[in-house]
Amino acid sequence: MKKRLTLILCLLLCCALCGLLTSCGNANKGGNDGYEDFVVVGFSQVGAESDWRNANTKSMQEALSEANGYRLILDDAQQKQERQITAIRNFIHQGVDYIVLAPTTEKGWETVLAEAKTAKIPVIIVDRMIEIEDDSLFTCWIGSDFLGEGRNAVRWMENHFDDQPLRIVHLQGNLGSSAQLGRTAGLEEGLERHPEWELVYQENGDFTQAKGQELVEALLADGVEFDVLYSENDNMAYGAIDALKNAGITPGKDVTIISFDAGRHALELVMAGEISYVVECNPLHGPRVEAIIQRLEAKQTPPKLTYVEEASFDTETITQTIIDGRGY
Ligand code: AHR
Numbered sequence: 005m006k007k008r009l010t011l012i013l014c015l016l017l018c019c020a021l022c023g024l025l026t027s028c029g030n031a032n033k034g035g036n037d038g039y040e041d042f043v044v045v046g047f048s049q050v051g052a053e054s055d056w057r058n059a060n061t062k063s064m065q066e067a068l069s070e071a072n073g074y075r076l077i078l079d080d081a082q083q084k085q086e087r088q089i090t091a092i093r094n095f096i097h098q099g100v101d102y103i104v105l106a107p108t109t110e111k112g113w114e115t116v117l118a119e120a121k122t123a124k125i126p127v128i129i130v131d132r133m134i135e136i137e138d139d140s141l142f143t144c145w146i147g148s149d150f151l152g153e154g155r156n157a158v159r160w161m162e163n164h165f166d167d168q169p170l171r172i173v174h175l176q177g178n179l180g181s182s183a184q185l186g187r188t189a190g191l192e193e194g195l196e197r198h199p200e201w202e203l204v205y206q207e208n209g210d211f212t213q214a215k216g217q218e219l220v221e222a223l224l225a226d227g228v229e230f231d232v233l234y235s236e237n238d239n240m241a242y243g244a245i246d247a248l249k250n251a252g253i254t255p256g257k258d259v260t261i262i263s264f265d266a267g268r269h270a271l272e273l274v275m276a277g278e279i280s281y282v283v284e285c286n287p288l289h290g291p292r293v294e295a296i297i298q299r300l301e302a303k304q305t306p307p308k309l310t311y312v313e314e315a316s317f318d319t320e321t322i323t324q325t326i327i328d329g330r331g332y
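Heads up: the sequence shown is residues 5 to 332, going by the working numbering.
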């Protein structure tokens with residue numbers, strides 16, 4: 005009798021241990037951890053540097069919600085690639101079903117994406133692109149044509165200013181990101197075509213409002229004079245506008261401001277005449293990523309690369325209806 009009781013106790017202990025081990029190591033559908041009814045997605049997000057980024061995170065959270073059948077594990081990398089690499093390794097260890105990566109910079113992803121491939125976890129790249137020789141290391145990409153955005157802004161400058169001499173201040177986004185590389189390349193092409201355009205200042209503002217303000221305050225304190233401010237995102241433009249106004253300079257009149265993203269507040273500033281031209285970069289990727297996952301779940305092959313369609317607005321084309329309809 006005593007022997008039988010010991011045997012039963014041993015069996016119970018083994019079962020408990022097995023259950024514990026399964027739930028620790030594996031977050032995917034087959035696990036015994038409360039995840040079994042969900043598609044588990046690990047999302048490595050760049051950070052929270054801008055309104056664009058926050059709108060992007062929200063869009064992903066709304067689309068990949070539990071109500072829609074997903075468990076989203078969100079990791080904020082605070083604009084640091086090393087943190088993204090660690091996050092992806094954690095996702096692999098947890099055995100997620102999909103990894104979504106919004107990459108900080110283009111380079112340096114080979115090793116960790118090879119690890120995801122070995123673990124047979126599909127990787128969806130969103131927003132910015134990666135530079136990689138072996139494109140079998142990611143399943144597909146969806147995002148913006150950043151060079152096209154830069155070219156679009158330069159076209160507007162060419163139409164607006166004819167052959168007028170221009171002194172240009174250039175606030176860049178975080179260096180090495182596709183958003184920075186494309187928008188900078190667009191401006192550089194314009195500078196090559198227009199010897200009458202002079203780049204009087206170029207600095208990395210990290211896509212943040214605080215840095216945009218700080219840089220413009222510093223250059224105004226140094227007595228730098230300029231006609232055009234080419235800001236690689238809305239938030240740096242907002243910071244620059246505050247710095248200009250504090251110095252008694254009227255944005256839109258004394259200085260022409262060009263920006264990227266076209267969030268609601270930027271559109272309001274276009275309406276108010278403070279920003280002269282804004283090129284859209286659309287952050288609402290959640291439903292697009294969800295549609296890709298649905299196709300993969302159905303064993304279909306989504307297109308390898310998808311560019312999102314984007315518009316642009318100046319003081320003549322902006323309307324209240326456009327502002328009211330803005331989803332970010
Ligand atoms: O990659 C998209 C860019 O990143 C947006 O233009 C910017 O606002 C964000 O931080």
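C-beta: ideal position from N, C-alpha, C; glycine also.
Just so you know, these numbers come straight off a predicted model, no measurement behind them.
Pick helix, strand or coil for S263, following the three-state DSSP scheme. As a first step, residue 263 must be located in the sequence shown, where it is residue number 259. S263: strand per DSSP, three-state reduction.
Do D265 and ligand 1 come close, with the Cβ less than 6 Å from some heavy atom? Taking the first residue of the sequence shown as 1, we reach residue 265 at position 261. Within the cutoff, so yes.
Taking the C-alpha atoms as reference points, what is the distance between V104 and F47? Locating residue 104 in the sequence shown gives position 100, where the first residue counts as 1. Locating residue 47 in the sequence shown gives position 43, where the first residue counts as 1. CA-to-CA, the gap between V104 and F47 works out to about 5 Å.
Out of curiosity, what's the CA-to-CA distance linking A222 and A59? In the sequence shown, residue 222 corresponds to position 218, counting from 1. In the sequence shown, residue 59 corresponds to position 55, counting from 1. The alpha-carbon of A222 is positioned some 30 Å away from that of A59.
Are S54 and N208 close, meaning C-beta to C-beta below 7 Å? Counting from 1 along the sequence shown, the entry for residue 54 is found at position 50. Counting from 1 along the sequence shown, the entry for residue 208 is found at position 204. For S54 and N208, no; Cβs fall outside 7 Å.
Neighbour-count burial assignment, H97, 16 or more Cβ in a 10 Å radius: Counted from its first residue, the sequence shown places residue 97 at position 93. Its Cβ having fewer than 16 others within 10 Å, H97 is exposed.
Would you report the Cα separation of G4 and E284, rounded to the nearest angstrom? Any answer about residue 4 is impossible in this case: the structure gives the chain only from 5 up to 332.
Skipping 5 residues on each side, what residues in its chain have a beta carbon closer than 7 Å to that of E313? Along the sequence shown, read from residue 1 onward, the residue named residue 313 stands at position 309. If we look at E313 and ignore the five residues flanking it on each side, it has no Cβ neighbours.
Quick check on I327 - is its C-beta less than 7 Å from some C-beta in chain B? No chain B is part of this structure, which consists of one protein chain only.
Across the region 226 to 234 and the region 260 to 278, are there enough close Cβ pairs to call them in contact, namely three or more that are closer than 8 Å? yes
Over the uninterrupted beta strand (DSSP E) stretch that includes Y311, give me the two end residues. Taking the sequence shown and counting its residues from 1, the one referred to as residue 311 is at position 307. Looking at the DSSP string, the run of the beta strand (DSSP E) that includes Y311 is L309 to Y311.
Using only the alpha-carbon positions, how far apart do Q83 and T108 sit? Reading the sequence shown from its first residue, position 79 is the one you call residue 83. Reading the sequence shown from its first residue, position 104 is the one you call residue 108. In a straight line, the C-alpha of Q83 is about 6 Å away from that of T108.
Distance cut-off 6 Å: N237 Cβ against heavy atoms of ligand 1: As a first step, residue 237 is located in the sequence shown; it is residue number 233 there, counting from the start. It does: the Cβ of N237 is within 6 Å (strictly closer) of some heavy atom of ligand 1.
Quick one: what's got a C-beta closer than 8 Å to L25's C-beta in the same chain, skipping five residues either side? What you label residue 25 is simply residue 21 of the sequence shown in a count that begins at 1. The predicted model places L25 with a pLDDT of 37, which falls under 50 and marks its position as unreliable; any figure quoted below should be read in that light. Cβ within range, chain order: n/a, list empty.
Please report the straight-line C-alpha distance between V274 and W160, rounded to a whole angstrom. If you number the sequence shown from 1, residue 274 lands on position 270. If you number the sequence shown from 1, residue 160 lands on position 156. Those two C-alpha atoms are separated by around 14 Å.
Distance check for I77 and C28, CA to CA, integer angstroms please. On the sequence shown, residue 28 is found 24 positions in, with the first residue counted as 1. On the sequence shown, residue 77 is found 73 positions in, with the first residue counted as 1. Annotation note: pLDDT 38 at C28 (below 50); position unreliable, no value reported.
Simplified DSSP state of L25, which is helix, strand or coil: On the sequence shown, residue 25 is found 21 positions in, with the first residue counted as 1. In this prediction, L25 has a pLDDT of 37, which is less than 50 and means its spatial position is unreliable; what the coordinates show is noted afterwards. Residue state, collapsed to three classes: helix.
Look at Y332 and G252 and say whether their C-beta atoms are less than 7 Å apart. Translated into the one-based positions of the sequence shown, residue 332 becomes position 328. Translated into the one-based positions of the sequence shown, residue 252 becomes position 248. Cβ distance not < 7 Å, so Y332 and G252 don't count as in contact.
On the DSSP letters alone, give me the boundaries of the beta strand (DSSP E) that G46 sits inside. Residue mapping note: residue 46 aligns to position 42 of the sequence shown, counting from 1. First-last of the beta strand (DSSP E) with G46: V43 to Q49.
My assumption, with CB atoms under 8 Å, is that L248 sits in contact with V220. Please give the rounded CB distance. In the sequence shown, residue 248 corresponds to position 244, counting from 1. In the sequence shown, residue 220 corresponds to position 216, counting from 1. That belief holds up - the Cβ atoms of L248 and V220 are roughly 7 Å apart, short of 8 Å.
For a test of your reading of the model: does the CB of F211 fall under 6 Å from any non-hydrogen atom of ligand 1? Yes or no. The residue given as residue 211 occupies position 207 in the sequence shown. Yes; taking the cut-off as 6 Å, the Cβ of F211 has a heavy atom of ligand 1 nearer than that.
Should D138 be labelled buried (16 or more other beta-carbon atoms within 10 Å of its own) or exposed? Within the sequence shown, residue 138 is the residue found at index 134, counting from 1. Result: exposed.
Between which two residues does the alpha helix (DSSP H) containing G186 stretch? Against the sequence shown, residue 186 aligns to sequence position 182. It spans S182 to R197 - the alpha helix (DSSP H) in which G186 sits, taken as one unbroken run.
Whole angstroms are fine: how far does the CA of A157 sit from the CA of W56? Along the sequence shown, one-based indexing puts residue 56 at 52. Along the sequence shown, one-based indexing puts residue 157 at 153. If I take the Cα positions, the gap works out to 18 Å.
From N72, T212, G51 and A241, pick the residue whose C-alpha is nearest to that of S280; which is it? Position 276 of the sequence shown holds residue 280. Of the candidates N72, T212, G51 and A241, the one whose C-alpha sits nearest the C-alpha of S280 is A241.
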